[in-house]
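Right, one structure below, let's go through it.
Residue numbers (my numbering): 622 to 917.
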């Protein structure tokens, strides 16, 4: 797919706008929760498992469309942006079409999540509404005041892991809560790389991310520390007899350290997009290794 040949509002344009590579971040929390639930109860409820995964995918696409639309409106996605090209900024998708798509994906997410009431009660309505609400607040406000990393920890860690696990088991254990935190830390590394790459442009446009607040050197240490902390939290699995769930993710930490070293060496420019791709791969590897470790 050549980006120079994209027709306005074509299916190719919508595929690019949806950012399918980011679906890794949606899949990993659900994967970890299901592996932990299977380990503790010996089987899975297939329908809520599939609904959780589908809800996570649709919400991720919804978040991407919202981000594309509002960042363009705010002037953050302009010609000086170093990251991957965005649909609205490039004119691949018109603003009215993007607004309609956001309404449609939000509605689909709500419809997908609605049957979960049968399995988890009315608390699932609250969880779903919070996901939708903060999906909008992240791009429109919270990411501009340095709270993006906190939201990633909550909505890519605590909420999806604990909610998925609860729907399978009817409870949330300490092991589940710690696993959700570790998952959120790993996924936040992607946001740190993204904001590290965009730090100069973000300062220019008034987007005060955590990276712009603490500076490049501290952000590099934060990036490394997130991966280390996630693996150290895995010690909790040892106490429950899941040694492999602690040992296997160490391979992820090796890959994470390589990205950290390359990130420091590159420091600026579009070459950091390669780190972004490697980081997304590493997140998936972490999810697979932890899940396999729990099942062994």
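Every residue, glycine too, gets a C-beta built ideally from N, C-alpha and C.
Values in this document were obtained by computation on a predicted structure and should not be read as measured data.
Exercise. With a 10 Å radius around its C-beta and 16 neighbouring C-beta atoms as the bar for buried, classify residue 860 as buried or exposed.
Key: exposed
Self-check item: Per-residue burial, residue 908 [other beta carbons within 10 Å of its own, 16 or more giving buried]
Solution: buried
Exercise. Have a look at residue 654 and residue 687 and give me their C-alpha separation to the nearest angstrom.
Key: 27 Å
Exercise. Pick helix, strand or coil for residue 626, following the three-state DSSP scheme.
Key: helix
Practice problem: Give the single residue among 705, 709 and 684 whose Cα lies nearest to the Cα of residue 696. | Solution: 709
Self-check item: Validate contact between the segment 673–686 and the segment 801–817 using beta carbons, cut 8 Å, 3 pairs
Solution: no
Practice problem: Keeping to the same chain, check which residues put their C-beta closer than 8 Å to that of residue 769; ignore five residues upstream and five downstream. | Solution: 759, 763, 812, 816, 830 and 831
Exercise. With residue 781 as the anchor, note down where its alpha helix (DSSP H) starts and where it stops.
Key: 780–790
Quiz item: What are the boundary residues of the alpha helix (DSSP H) that residue 714 is part of?
Solution: No alpha helix (DSSP H) contains residue 714, which DSSP labels as neither H nor E.
Practice problem: Please look up how many angstroms separate the CB atoms of residue 805 and residue 827, rounded, as I've assumed it's under 8 Å. | Solution: Between residue 827 and residue 805 the Cβ distance is about 27 Å, and since that is not below 8 Å, they are no contact.
Quiz item: Which parts of the segment 797–841 are runs of the alpha helix (DSSP H), unbroken and 4 residues or longer, counting only runs that do not cross its ends?
Solution: 820–826 and 831–835
Quiz item: Looking only at its own chain, which residues have a Cβ that is under 7 Å from the Cβ of residue 623, when we skip the five neighbours before and after it?
Solution: Reliability fails at residue 623, whose pLDDT of 49 lies under 50, so the model's placement of it is uncertain and no value is given.
Quiz item: First and last residue of the alpha helix (DSSP H) that includes residue 735?
Solution: It is not in any alpha helix (DSSP H) - residue 735 carries neither H nor E in the DSSP assignment.
Quiz item: Apart from the five residues on each side of it in sequence, which residues of its chain come closer than 7 Å, Cβ to Cβ, to residue 903?
Solution: 873, 876, 877 and 880
Quiz item: Just checking my contact of residue 743 with residue 629 at CB under 8 Å: how many whole Å lie between their CB atoms?
Solution: So it is not a contact: roughly 43 Å between Cβ atoms.
Practice problem: Give the DSSP-derived three-state secondary structure of residue 724 in the structure shown. | Solution: helix
Quiz item: Whose CA, out of 835, 871 and 836, lies closest to the CA of residue 851?
Solution: 871
Self-check item: Contacts around residue 738, its chain only, beta-carbon distance under 7 Å, and the 5 residues preceding and following it disregarded
Solution: 745 and 746
Quiz item: Hey, out of 866, 890 and 847, whose CA is closest to residue 820's CA?
Solution: 890
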